[in-house]
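Scroll down for the structure; my scribbles are underneath it.
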């Protein structure tokens with residue numbers, strides 16, 4: 001009985017069927033996490049570009065007189081930032097709300113946007129896997145000359 005057991009163990013050690021399955025099981029989670037990370041980065045970059053473009057368009061609209069005053073433009077930008085935010089369901093107690101600051105001085109309008117990075121990233125609706133990497137704020141700034149305003 002003892003000889004049979006050692007012979008079977010030896011045959012089992014030499015058998016290579018299923019070797020690729022073991023490698024797949026070990027490497028697939030790493031590959032999947034890398035893919036999810038890059039998707040999150042792509043979403044964050046896309047949302048950041050959308051916000052920057054909207055801020056530029058809003059600064060241009062303010063400079064030609066579309067908005068009444070700075071408070072009107074700030075209200076418009078805050079609404080837009082909240083609508084484009086990826087983590088709308090996360091309360092502002094846990095994660096600060098995005099905000100915009102509008103300054104009209106020296107013939108220029110300056111828009112400063114401060115948005116938490118976790119409000120830009122959302123992969124499959126779950127942003128907290130990136131929390132320890134992305135616990136920072138993203139800051140964007142746009143400046144446009146004021147044209148034809150009294």
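In this note's numbering, the protein residues as written are 1 to 150. For glycine and all other residues, C-beta sits at the position ideal for the given N, C-alpha and C. Predicted model only: the values in this text are computed from it and were never measured.
DSSP, read as helix, strand or coil, puts residue 104 in strand. In this structure, residue 111 sits away from residue 97, with a CB-CB distance that is not shorter than 8 Å.
Residue 25 counts as exposed, since fewer than 16 other beta carbons sit within 10 angstroms of its beta carbon. Non-local C-beta neighbours of residue 108 in its own chain, meaning closer than 6 Å and more than five positions away in sequence, comprise 143 and 145, ordered along the chain.
Nearest to residue 75 by C-alpha distance, out of 40, 86 and 62, is 62. Assigned with DSSP and collapsed to three states, residue 78 falls in helix. One Cα belongs to residue 50, the other to residue 87, and the distance between them is close to 16 Å. Looking at the DSSP output, residue 112 bridges to 101 and 141. Taking the Cα of residue 121 as reference, the smallest distance to any Cα among 113, 72 and 90 is reached at 90.
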